[in-house]
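Following the working numbering, the numbering of the sequence shown begins with 5 at its first residue and continues without gaps.
Everything on this sheet refers to the single structure shown next.
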Amino acid sequence: GAVARSVEIAEACAFDLQKAKPALPKRGIPAGLTPMQYLRELTERGFQATYAGTDLEQRAREVIAKELATIEEKDFAGYFIIVHDIVQHAKKLGILCQGRGSAASSAVCHALGITAIDPVFYGLPFERFLSKHRDEEPDIDVDFDSDRREEIIQWVYDTYGRHNAAQVANVISYRPRMAVRDAAKALGYSPGQQDAWAKQIHGWTDVDAEADIPEPVRRLAESLLGAPRHLGIHSGGMILTERPIGEVVPIERARMDRRTVLQWDKDACEYMGLVKFDLLGLGMLAALDHMMKIVGHHLGERWELDTIPKEEPAVYDLLCRADSIGVFQVESRAQIGTLPRLQPRCFYDLAIEIALIRPGPIQGGAVHPYVRRATGRDDVTYPHPDLEPVLERTLGVPLFQEQLMDMGRELGGFSADEADLLRRAMGSKRGIERIESLRDQLYRGMAKRGLIGDEADAIYTQILSFANFGFAESHALSFAKLVYASSWLKLHYPGAFLAGLLRAQPMGFYSSQSLVQDARRHGVEVRRPSLVHSGAMADLEPLDSGKLAGEEPDRGVGSASASQSSEEDSREACLRDHSGRTDWVPGTPDPTPEHRRDGQYAVRLGLDSVRGIGKEVAERIVAARAQRPFTDQLDLSRRAELEPRHLEALATAGVFEDAFGQGRREALWAAGWTERDDQIEGVDIAVPAPQLPAMDDVQLMLSDLWATGVTPDGHPFGHVRERLRSYGIPAIADLPRYGAGRVLTVAGFVTHRQRPGTAGGVTFLNLEDETGMLNVVCLSDVWKRHRKIATSAAAMLVEGRLERVDGVTNLVALRLGSLEQIHPEAARALAARHRSRDFR
């Protein structure tokens, strides 16, 4: 009976693991108040500042009362208080932050200052965020300035204690490239061979069948796909508990300094009911903060995200002509190809643009119907008159998850909570099966409205398609705010815009070189790093300091009372009229210069832009220079504690030319001698450089490319243009002169290679020359035929057929070649110094 007895003992010892769920900490709640009472007090303060005295006051009061009742019933007050405290601390430190995602559907979050979008005005459903009948914790995603997010994470650790705060782990699973690398390593191949084979992998789901990889490596790699590889840190996900969290789950030190991590991933934490706080880093918030501080420092114009003038027509002109390189979310080649067609003219149009160019809507077939309706090719129609209020804002094409919820309410008679079940079914891994369970209720509701047979089936199919795509309107609106802000800064302060982006690198879609070349096309002068003039990071400096001496900058334009048109009015106008959406015609001159406010400034690259220097070393150099000017390289190396590799990189970048009058070759000659404090000082061991020839323009350009990745005086293709012209190859900016269907050859750097999973095997190349950028479409047969050149050439020749739709020009590739075919020297030199951003 021992075995049977063991079962009885096991049953007696068993317990529900979820019963061990720890409570949230109650820090900061005033004595005598419950968490719910304190939350109501905080919300009322925010309500008075946000809604009191507005047209939305009564409606907002009703919405907030309903939300607070749900929060109280679910006992989630402590969660909202903690997020409020974190956000308020960030604002106190001057750290840009903004809640996004489903939390932007909450009026309580808006009143607490966590989110920036008003859900009452936009009619966003709270149930998208939190539902009475959903047994899970709330989830508020807050984006912080990525440069300063660590300050917030460490504040949370210090405030709540190392025993009560830890970050969530993340199980990293094998993807194709890493699987190939590890499989080759396991089978005894050299590191160089491992890298070579891994670089041939361009997909995210399987090992590329066309890659030149040995069969044993391929088989082993494919068997590894999806398997766990190692434990990492969830980006910003933190768990806070009232009692030590180590009593529930083991914690360990992370590799990153001053961080501890749970040994569970986010799914295990969710199962246990551990509440996760998502403190996310967003590079664009860092860039925007830098831009606004640069403008304030140099021009005296103080801006915050909330004081930037709303709905400025020139901002939309900029976006309508797809002048969006560097702009948040709408800078990809797909977005640049869509903006001139959709012609966004108001804030809500930006939210649609963000939601539309996503894998889901593309795969779900929503993009082309929407574009055809927006451009007037097709009429706006609705599946049923009752759906017109739901789908009017997206021209009858459902794009947002919130619209699905509204469709369920209108057609199926769902309650708000039942509509959220429909939305959750749509977004889950078993979405289709769960939607089927709600089918009967939906069909009964449609039958009451006279929708039966094929009509009902068509609407059901449309709703079912949301199982594969659908974007949160609250999320799109939150991001649209940053799209507008970054566009406004690019329009008025293109120099500061560039400097801010350079400071926040790496981020975004484009390299520093592409960002600099775009700024130069907007009239911004860019200057290489200098030991005398550069700061640690990129900054503005006067074009003519003598001219600006004594002049007082105009500070009026930076005030919060600057003329602002109403976001609400513009949205209503957008909903009323989708015709005649722009007064800008593709091909007309760029009107940006008349709006520019930093035209008297150039952008000076920072010392951190030099290869191998980085921010920490750059700050050491600037701090030592502030004490007294450097006398020579030995003085620099001694006081800034530099190594020969630092001096060689600085010499190659030309930073010593205005400091010591050294040419680059002379500076490189002297870069081998360094001194530190622990060495003998005052002994001149440097050997004078022999007579060395100065670098010519091409050599200077190549030196800049190697040292900083940026050529501030021009584009490399400017040096080969004469050769290209002799072969009849036009510049990219000249392509509008050629008719659609024309077959011609173009040349440029390859800045990106992309193969979206929704593109049916089509690969997109982005070519850049000294005049602009061009999107190249490579069908699968062309890619296979020219695979070696397509995947390896840094500078490419492309013969193709021009395609032009709604002012957007693409080149459909017929043949691919390398620049080496007509300019071997330039091609080899550029290949060694240029790297594209591929398959990201």
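Ideal placement from N, C-alpha and C gives every residue a C-beta, glycine not left out.
query                                                                                                                                                                : result
Checking 8 Å against the spacing of the C-beta atoms, do D390 and L415 come in under that value?                                                                     : yes
Between T58 and the ligand FMN, is the CB less than 7 Å from at least one heavy atom?                                                                                : Annotation note on the ligand FMN: not contained in the displayed structure, which lists no ligands.
Can P232 and V175 be called in contact, C-beta distance under 8 Å?                                                                                                   : yes
Would you say V146 and G103 are within 8 Å of each other, going by their C-beta atoms?                                                                               : yes
Ends of the beta strand (DSSP E) at P232?                                                                                                                            : P232 to L244
What are the residues that DSSP puts in a beta bridge with K70?                                                                                                      : Answer by DSSP bridge pairing: none, since K70 is not bridged.
Please report the Cβ distance between S840 and A798, rounded to the nearest whole angstrom; I am assuming they are in contact, meaning their Cβ atoms lie under 8 Å. : 7 Å
Indicate whether P39 and I85 have their beta-carbon atoms separated by less than 8 Å.                                                                                : yes
For S177, name the three-state secondary structure that DSSP assigns.                                                                                                : strand
Kindly indicate which three-state DSSP category S194 falls into: helix, strand or coil?                                                                              : coil
Quick check on I826: does DSSP put it in helix, strand or coil?                                                                                                      : coil
Would you mind reading off the limits of the alpha helix (DSSP H) that contains D122?                                                                                : Careful: D122 lies outside any alpha helix (DSSP H) and carries neither H nor E.
Taking I243 as the reference, give the member of H234, L640 and W268 with the closest Cα.                                                                            : W268
By DSSP, does T58 sit in helix, in strand, or in coil?                                                                                                               : coil
Rounding to the nearest angstrom, what Cα-Cα distance links A484 and A698 in this structure?                                                                         : 50 Å
In the DSSP output, what is R819 paired with across the bridge?                                                                                                      : E803
In three-state terms, what does DSSP make of C350?                                                                                                                   : coil
Starting from H719 and walking both ways along the beta strand (DSSP E), at which residues does that stretch end?                                                    : No beta strand (DSSP E) contains H719, which DSSP labels as neither H nor E.
Give the DSSP-derived three-state secondary structure of I13 in the structure shown.                                                                                 : helix
In three-state DSSP terms, what is G50?                                                                                                                              : helix
Give me the DSSP bridge partner(s) of D147.                                                                                                                          : Q102 and L284
Can you give me the start and stop residues for the beta strand (DSSP E) that I255 sits inside?                                                                      : I255 to R257
Thinking L442 and L426 are a contact (beta carbons under 8 Å), I'd like their distance in whole angstroms, please.                                                   : 6 Å
Going by DSSP, what residue range makes up the alpha helix (DSSP H) through Q405?                                                                                    : Q405 to G416
Please tell me whether S518 and E772 are closer than 8 Å, where the distance is taken between their beta carbons.                                                    : yes
Would you kindly work out how many angstroms separate the C-alpha atoms of A423 and D122, rounded to a whole number?                                                 : 21 Å
Enumerate, from N- to C-terminal direction, the unbroken alpha helix (DSSP H) stretches of 4 or more residues contained entirely within the segment 739-806.         : 784-789 and 791-796
Going straight from the alpha carbon of H294 to that of G287, what length do you get?                                                                                : 11 Å
If you reduce the DSSP assignment to three classes, tell me which class D216 lands in.                                                                               : coil
Mapping the DSSP letters down to three states, classify H477 as helix, strand or coil.                                                                               : Here residue 477 is Glu; the residue named in the question, His, does not match the sequence. Helix, per DSSP.
Can you tell me the Cα-Cα spacing of R413 and V299, whole angstroms?                                                                                                 : 48 Å
Report the three-state DSSP secondary structure of E545 (helix, strand or coil).                                                                                     : strand
Can you name the start and end residues of the beta strand (DSSP E) that D269 belongs to?                                                                            : T264 to D269
For the alpha helix (DSSP H) holding D523, just list the boundary residues, first then last.                                                                         : Rather than Asp, the amino acid found at residue 523 in this sequence is Ala. Note, A523: alpha helix (DSSP H), S516 to R525.
Taking 8 Å as the threshold (C-beta atoms), are K30 and T74 in contact?                                                                                              : no
Look up R601 in the DSSP assignment and say whether it is helix, strand or coil.                                                                                     : coil
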